[in-house]
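Down below is the structure, laid out as C-alpha cells.
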Amino acid sequence: MSKSPGNIELTRMFDKVYPGSHSNLRKVSVQVSSERIFIVRGKGARVWDADGKEYIDFVCGAGPNILGHCHPEFTQALKDQLDTVAITVGSGMLFTPHDIEVAEKIERHVPCAEKVKFCATGTEAVQIAIRLARAYTGRPYFIRFEGHYHGWMDNVLGGVGDHELFREIREGKPFTRKPSPLRSEEDVLETEGRSPGAFEDSLMIPWNDFKVLERVIEEYGKEIAMIHCEPITVNHGCMPPMPGFLERVRELCTQYGIVLSFDEVITGFRVGLGGAQKELGVTPDITTFGKAMAAGLPCSAVVGKNEIMELLRNRRVLGPGTYMGYPLGMAAALAAIRILERDNGAVYREFDRLQARLANGLKSIAKSRGIPLMIQGCRGAFNTYFVDKEVAYTDEDLAEVDWVMVQKFWEEMAKEGVLGMLGARWYLSVGLTDADIDRALEAAERVMGRL
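Counting in our numbering, the sequence shown runs from 2 upward without gaps.
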C-alpha cells in the first residue's frame, strides 16, 4: 500500500518549520507510521486525515477528549461563550458566573474538594500543589513514585529510583544516602538543560512497596511536606495500587502530618465524577485535575481542604497567571461536567459496557491465536500487554512484556484505521459506539493474525 501523499507532503512541510513533535520523549517515537498523520476533521470517536482516511480514535488527545469529537452540546457551549466573553476578562481582577458554577460542581462531586483553585495545565496545578504543601507544613521535601508523571517541570520530570538503596532498605540496613531520583540516559524523560539541583527536593520510591514506603517516612517524615502520586498509574502501565497500599499511605501521612496529594489529571472525571479517590475510597488532602475536566480545552485545578487552600486566600502562597480561570476554559469545564453528570452519570455506565466488550473481545482474539495478553486499567482507560500475567503492580511485573510486539501491533492497527496511545494504552470517549468497537475488534483480529 503506497504512502498517503497528503501526509507525506505535510510531514515535509512540518519538519521544515518544527524541531520535532509537539510533545517529545527521549529514545521513544510517538508516531505509528513513518509520516505524520494530519487530522483535518473528527466526529464522535472517528477522525479523518488529510488524505481522507478514516480512523477510530483511541488516543483521545492523551486523555482529555472524553466527549469525542464535535460533541454538539459541548461545541455549542463553546460557541455561546465565544459570542459573549471569549478569552480573558481580567486575570484575577474580573470574573464570570461560570467560575462559581464549576467550583460548586467539583466540590459536590470530589471528596477532598472544599476549596478550588483553577489553572490552565496539569503541570501548573502540580507546582501549585507542591507550593501549598511546603507552605502548610514548613517542610522541604516531597515524595513521588518512580514512573508516575506529574508534568514537564524540572523538579518532577522523570528520574529513576535508586534501586541499590531500595535493596538495602528492604534488607533493614541503615540509610547511607537520601533516596533522591537519579538521572539516567535510559530514562525516556531525561532532558538536558535541567536545573542542577532540580531533584534535590524530592524523594523517589517504588510504587506498591510497603517496606520502602514505611522506612523512608520513618527516616525522613519530619522533613516531608507531601506525598504526590497518581492513585492509578495510567501514565505508567495502568498499575493499580496493591490492596491496602493507598490506605497505608493515607495512614502514614496522617500520622506524620504529611499532605497527601493525588495527581488526578488523567483519572479525574474520567474514571468517575469523584475521581479515583472516590472509586478507591481513599481521600487525599489535595488533588490536581485537568484533561477530561474540560474535555480537551486547557483547564486544570488544584482542590483541597480548607486549611490548606486558605493559604491562597491570605496570599501566603501565590498562584498568579493570565489564564487562571479564563472564561472559555471555565465554559468548557462547566459544559463537560454537566454532560458527564447527567442521568446520574449514565456516561460512565456506558463506558463500562463498551470497555468490557472491547477488552473481552481482545482477550478472546488473543487466546484464539495463542498470544498471551494482559489487560488492565480503570474506567475509560486501559493498557494491553503481550505478556502472560493477570495483573501488574510493579515494573518487575512488566519485565517480560514483548515491547517490539506492542509497537508492531499499534503500527499495524494504524494501517487498519485504529489509533491508540504510545505504551499500549487505549482511551475511551463518549463518542464511541458499538459499531466502533466492532470495527476495532475486526482490525485486531487481522493484526494479531499477522503478528
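Heads up, the beta-carbon is just placed ideally off N, CA and C, and yes, glycines get one too.
Owing to the predicted nature of the structure, the values given are computational and were not obtained by experimental measurement.
Leaving out five residues before and five after residue i in sequence, what residues of the same chain have Cβ atoms less than 6 Å from its Cβ?
i, result
"residue 246", "209"
"residue 68", "75, 296 and 431"
"residue 61", "428 and 430"
"residue 157", "151"
"residue 434", "none"
Using CA coordinates, which residue listed in the options is at the minimum distance from residue i?
i, options, result
"residue 177", "183, 205 and 166", "166"
"residue 89", "325, 134 and 282", "325"
"residue 350", "430, 203, 413 and 77", "430"
"residue 221", "281, 149 and 202", "202"
"residue 144", "253, 436, 405 and 386", "253"
"residue 304", "382, 293, 142 and 287", "287"
"residue 262", "285, 171 and 353", "285"
"residue 140", "260, 219 and 12", "260"
"residue 148", "163, 122, 137 and 138", "163"
"residue 314", "116, 103 and 421", "116"
"residue 322", "279, 42 and 300", "300"
"residue 169", "212, 311 and 102", "212"
"residue 63", "439, 70 and 423", "423"
"residue 239", "107, 403, 395 and 412", "395"
"residue 43", "37, 54, 36 and 104", "54"
Residue i and residue j look like a contact to me (Cβ under 8 Å); what is the Cβ gap, rounded to whole Å?
i, j, result
"residue 129", "residue 320", "5 Å"
"residue 268", "residue 127", "That belief does not hold up - the Cβ atoms of residue 268 and residue 127 are roughly 14 Å apart, past 8 Å."
"residue 406", "residue 387", "5 Å"
"residue 375", "residue 391", "7 Å"
"residue 225", "residue 150", "Going by Cβ atoms, the distance from residue 225 to residue 150 rounds to 21 Å, so no, they are not a contact pair."
"residue 59", "residue 8", "Incorrect: roughly 19 Å between the Cβ atoms, too far for contact."
"residue 355", "residue 445", "In fact, because the Cβ distance is near 15 Å, the residues do not count as touching under 8 Å."
Could you name the residues of the same chain whose beta carbon sits closer than 7 Å to that of residue i, not counting the 5 residues immediately before and after it, in chain order?
i, result
"residue 82", "328, 329 and 332"
"residue 195", "155"
"residue 398", "390"
"residue 171", "212 and 213"
Along the chain, where does the beta strand (DSSP E) that runs through residue i open and close?
i, result
"residue 230", "225–230"
"residue 423", "Run containing residue 423: none; DSSP gives neither H nor E here."
"residue 205", "203–206"
"residue 260", "260–265"
"residue 56", "55–58"
"residue 301", "301–305"
Do residue i and residue j have their C-beta atoms closer together than 8 Å?
i, j, result
"residue 134", "residue 14", "no"
"residue 264", "residue 231", "yes"
"residue 274", "residue 193", "no"
"residue 419", "residue 137", "no"
"residue 191", "residue 159", "yes"
"residue 293", "residue 233", "no"
"residue 217", "residue 180", "yes"
"residue 250", "residue 214", "yes"
Are any of the Cβ atoms in chain D nearer than 8 Å to that of residue i?
i, result
"residue 440", "Judged by its chain identifiers, the structure shown contains no chain D, having just a single protein chain."
Go to residue i, then tell me how far its alpha helix (DSSP H) extends in each direction, as first and last residue.
i, result
"residue 8", "6–18"
"residue 119", "Looking at the DSSP string, residue 119 is not in any alpha helix (DSSP H); the run it does join, the beta strand (DSSP E), is 116–120."
Got a sec? Which residues, its chain only, sit under 8 Å from residue i by beta carbon, not counting five neighbours each side?
i, result
"residue 2", "With a pLDDT of 47 at residue 2, under the threshold of 50, the predicted position of this residue should be treated as unreliable, though the coordinate-derived value follows. Same-chain partners within the cutoff: 416."
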